[in-house]
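*Asks:* Have a look at this one.
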Amino acid sequence: MRSKKTNILVLLLFMCSAWITTDRFIWKPKPIKFETPKGWPQPVYDFTKNPLTQEGILLGKTIFYDPQISKDGTISCGSCHQQFGAFNTYDHNLSHGLENMLTTRNAPALLNLAWQKEFMWDGGINHLDLQFLAPLTAHNEMGETVEQVITKMRASAQYRKMFKAAFGDEIISTERIGKAISQFLLTLVSNNSKYDKVKRGEEKFNLPEALGYEIFKQKCISCHTEPFFTDFSYREIGIPEDAYLKDKGRMKVTGLSIDSLKFRVPSLRNVAVSFPYGHDGRFYSLMNVFEHYRQNMVVTKNTDPSLQHKLALSNYEIGQLKAFLGTLTDSVFLQDSRFAPPGINNGKPPVDNH
Amino acid sequence: MMRKIFFISCLLILKNMVTGQPGNTTAIIFNLKFNQSPFQLEKEFTTDAGESIQVYKMKFYISGLKGINTKGDTILLSKEHFLIDAADSGSQIIKIQAPSLQHFIFTVGVDSIRNTSGIQNGVLDPAKGMFWTWNSGYIMAKMEGISNQANTAGKRFTHDIGGFKYPFNSTRKVLLKVPQNKINNRSVYIEVNLAKWFTGKYSILLKEQPICHTPSILAMQLADNFVTSFATLEN
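In the order they appear, the protein sequences are chains A and B.
So the first sequence is numbered by our numbering: it starts at 1 and just counts up by one.
So the second sequence is numbered by our numbering: it starts at 1001 and just counts up by one.
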């Protein structure tokens, strides 16, 4: 009996010895449960490969708001993805990069990304973890290399500490940076608009909102599908190519002419604060967008079948639709201090710095 | 009884640590050439079409390494991806455990699942510069440099072969006979004749096609050319 006990003890010691030498033995990040709002489908992001933790989310947020990751230390992810604009670039058609450069597209709002399979206006990026590499390395955005970012982070005691807290040791790698940023982005869930509250039975639409919702269900919902207000498809909606940008949209990714001028259907959640609109931000206001659909569209053979005869909208319908779209503004999301830049407690716009 | 089992298992573990897995170590050595000459970065070569090239970057991925043994069975030799880099002679030698083989099979490029499952590590780290960030997917092989015939800024040519989805899947399978004159084929030399990059199947002229950086017909043609570069050497 005694020798049996000794044997088990020796065996246990033998198994543990491999772990005792590392800190992983005592590393315990705080898990954060991802809540799927009631009635929504399951997320497409695979959380088993990147479980959310408080430490991981904090690291991701720190990187998201750190301008040092750009080549000249001026541009962070948060520069073009501002909370008060639902993480688009508030009031800018094309987002700004380093050295006064402009990109060729309007920074999309960032929300409900756990349900999105492909990213960018053309869907070129097939995994959320990879997304940060595009703006980071683009010459007209952050203009930096991954190696340089890793070098800068390794030199920072704060980052080393945060990576250790999030991942168990101080190793800083492309994969870990991507996963940390994803963790933060995945928390950006917008489901507290008036529309959501009405759906949950907590509030009621007023008359124009209710009438607008009925019109929306007749004329818009086939592409701007609930609950995300996008079906994540790519469509040509009669926006002619800009002579300077020469942006072919999805065709750039697939190489197929049938994808010419197709862009992803944007979510309309928080649409009232995410102006300007369109892949290149050419529409200043919602009114411009409605005028486009009912009058200014340039219909081609690639234009979506549902829009081959443009979209008939009366002034009355536009008025009600605007009232309904206003109910998609989620002020809880726009001011949630968990998403705000470090040191700032709400999502209010700073002094204008055009 | 417990003590006996414990010691036997310890001995077994030790034995494996000393002897490794069964089979012999075979070194697969990629021998980069440009027609008859050894290939060197930055050295000037002349293509078969008479165009001058100086290459500054030449890298490609190898994956799905398999062998066919003397009985005709296909054996998986490695699940790893390897990045062969002209600038790193160490990367040109792959050591594997393998029995006697008649043939090698491998893929030039990166397995499609690795193109769609987020950020990878090691040689597949996007920081290696073999990844398209704006259109997710690996560059399977790249040759970049200067050619007097390239009508581009700085006379630069950039041939990045990539794409993993139909109709522009740029991965290519290679099957090579293993020379049988070497005992246990401890080292196998695979010649990679880079002159064929421009001529293997299609004639690609740098004066006409200096740039390839999308999954495209040109990328498919370059991939078809490059795959003809591989041959085993009888030495």
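Using N, Cα and C, we set each Cβ at its ideal position, and we do this for glycine too.
If you're wondering where the values come from, they're calculated on a predicted model, not measured in any experiment.
How long is the line joining the alpha carbons of Ile1204/B and Phe1198/B, rounded to whole angstroms?
*Replies:* In the second sequence, counting from the first residue as 1, residue 1204/B sits at position 204. In the second sequence, counting from the first residue as 1, residue 1198/B sits at position 198. The alpha-carbon atoms of Ile1204/B and Phe1198/B are separated by roughly 5 Å.
*Asks:* Below 8 Å on the Cβ atoms is my contact criterion, and I expect Gly1118/B with His127/A to pass it. Report the Cβ-Cβ distance as a whole number of Å.
*Replies:* Locating residue 1118/B in the second sequence gives position 118, counting from the first residue. Locating residue 127/A in the first sequence gives position 127, counting from the first residue. Confirmed, Cβ separation roughly 4 Å.
*Asks:* Less than 6 Å between C-beta atoms, sequence neighbours within five positions excluded: which residues of the same chain meet that for Val149/A?
*Replies:* Sequence index remark: in the first sequence, residue 149/A carries index 149 (1-based). Cβ neighbours of Val149/A beyond the five flanking positions: Ile69.
*Asks:* Would Trp1197/B count as contacting chain A if we go by Cβ distances under 8 Å?
*Replies:* Taking the second sequence and counting its residues from 1, one reaches residue 1197/B at position 197. For Trp1197/B, the answer is no, since every Cβ of chain A falls outside 8 Å of its Cβ.
*Asks:* Do we get a CB-CB distance below 8 Å when we pair Glu99/A with the residues of chain B?
*Replies:* Locating residue 99/A in the first sequence gives position 99, where the first residue counts as 1. It does not: the Cβ of Glu99/A has no partner Cβ on chain B nearer than 8 Å.
*Asks:* Closer than 8 Å between beta carbons: that is the criterion. Which residues of the segment 1097 to 1122 of chain B meet it against chain A?
*Replies:* Answer set for the segment 1097 to 1122 of chain B: Asn1115, Thr1116, Ser1117, Gly1118, Ile1119, Gln1120 and Asn1121.
*Asks:* Closest to Gly1122/B by C-alpha separation, out of Leu1083/B, Lys1142/B, Lys1095/B and Leu1041/B, would be which residue?
*Replies:* Position 122 of the second sequence, counted from the first residue, corresponds to residue 1122/B. Comparing Cα-Cα distances from Gly1122/B to each of Leu1083/B, Lys1142/B, Lys1095/B and Leu1041/B, the minimum goes to Leu1083/B.
*Asks:* Quick one: does the C-beta of Phe339/A sit closer than 7 Å to a heavy atom of the ligand HEM?
*Replies:* What this structure holds is no ligand at all, so the ligand HEM is not there to describe.
*Asks:* Give the secondary structure of Met287/A by DSSP, where H, G and I count as helix, E and B as strand, and everything else as coil.
*Replies:* In the first sequence, counting from the first residue as 1, residue 287/A sits at position 287. Helix.
*Asks:* What's the C-alpha gap between Gln218/A and Val198/A?
*Replies:* Reading the first sequence from its first residue, position 218 is the one you call residue 218/A. Reading the first sequence from its first residue, position 198 is the one you call residue 198/A. Taking the straight line joining both Cα atoms gives about 19 Å.
*Asks:* For Ser306/A, go through chain B and note every residue whose CB falls closer than 9 Å to its CB, in chain order.
*Replies:* Taking the first residue of the first sequence as 1, we reach residue 306/A at position 306. Result: empty, since nearest Cβ-Cβ is about 27 Å, beyond 9 Å.
*Asks:* Given a threshold of 16 other Cβ atoms within 10 Å of its Cβ, counted over all protein chains shown, does Glu1208/B qualify as buried or as exposed?
*Replies:* Locating residue 1208/B in the second sequence gives position 208, counting from the first residue. Its Cβ having fewer than 16 others within 10 Å, Glu1208/B is exposed.
*Asks:* Do the CB positions of Glu1144/B and Thr1158/B come within less than 8 Å of each other?
*Replies:* To locate residue 1144/B, count along the second sequence from 1; it is residue 144. To locate residue 1158/B, count along the second sequence from 1; it is residue 158. Yes, these two residues count as a Cβ contact at 8 Å.
*Asks:* Ignore the nearest five residues each way along the sequence and tell me which others in Leu186/A's own chain have a CB closer than 7 Å to its CB.
*Replies:* Here residue 186/A corresponds to residue number 186 of the first sequence, with the count starting at 1. For Leu186/A, where only same-chain residues beyond five positions count, the Cβ hits under 7 Å are Phe34, Tyr45, Leu52, Leu113 and Ala114.
*Asks:* Determine the DSSP secondary structure at Phe1045/B, reduced to helix, strand or coil.
*Replies:* By 1-based counting over the second sequence, the position of residue 1045/B is 45. It is a strand residue.
*Asks:* Spell out a yes or no on whether the segment 277 to 289 of chain A and the segment 238 to 248 of chain A are touching, meaning 3 or more CB-CB pairs, one atom from each, closer than 8 Å.
*Replies:* Counting Cβ pairs under 8 Å, three or more are found: they touch.
*Asks:* Identify each residue in the segment 157 to 174 of chain A for which the Cβ-Cβ distance to at least one residue of chain B is less than 9 Å, and report them in chain order.
*Replies:* Residues passing the 9 Å Cβ filter: Ser173 and Thr174.
*Asks:* At a Cβ threshold of 8 Å, is Thr137/A touching chain B?
*Replies:* Within the first sequence, the letter at position 137 stands for residue 137/A. Yes, because at least one Cβ of chain B sits closer than 8 Å to the Cβ of Thr137/A.
*Asks:* List, in chain order, every chain B residue whose beta-carbon is nearer than 7 Å to that of Glu147/A.
*Replies:* Here residue 147/A corresponds to residue number 147 of the first sequence, with the count starting at 1. Neighbours of Glu147/A on chain B, chain order: Ala1127.
*Asks:* Could you tell me which chain B residues have their CB closer than 8 Å to the CB of Asp129/A, listed as they occur along the chain?
*Replies:* Translated into positions along the first sequence, residue 129/A becomes position 129. Under the 8 Å cutoff, chain B gives Gly1118 and Ile1119.
*Asks:* Under 8 Å between beta-carbons, which chain A residues line up against Pro1179/B? List them in chain order, please.
*Replies:* Counting from 1 along the second sequence, the entry for residue 1179/B is found at position 179. Those within 8 Å of Pro1179/B in chain A number zero; the least Cβ separation is about 39 Å.
*Asks:* Please name the residue, chosen from Val1178/B, Phe1060/B, Ile1053/B and Phe1168/B, that lies closest to Ile1068/B on a Cα-to-Cα basis.
*Replies:* The residue you call residue 1068/B lines up with position 68 of the second sequence. The option with the nearest alpha carbon to Ile1068/B is Val1178/B.
*Asks:* Return the chain-ordered ranges of every alpha helix (DSSP H) run that is complete within the segment 11 to 87 of chain A and spans a minimum of 4 residues.
*Replies:* Listed in chain order, they are 54 to 64 and 77 to 80.
*Asks:* How many angstroms separate the CA atom of Ile1029/B from the CA atom of Leu1233/B?
*Replies:* Locating residue 1029/B in the second sequence gives position 29, where the first residue counts as 1. Locating residue 1233/B in the second sequence gives position 233, where the first residue counts as 1. Spanning the two alpha carbons is a distance of roughly 10 Å.
*Asks:* Apart from the five residues on each side of it in sequence, which residues of its chain come closer than 6 Å, Cβ to Cβ, to Asn1035/B?
*Replies:* Taking the second sequence and counting its residues from 1, the one referred to as residue 1035/B is at position 35. For Asn1035/B, where only same-chain residues beyond five positions count, the Cβ hits under 6 Å are Ala1195.
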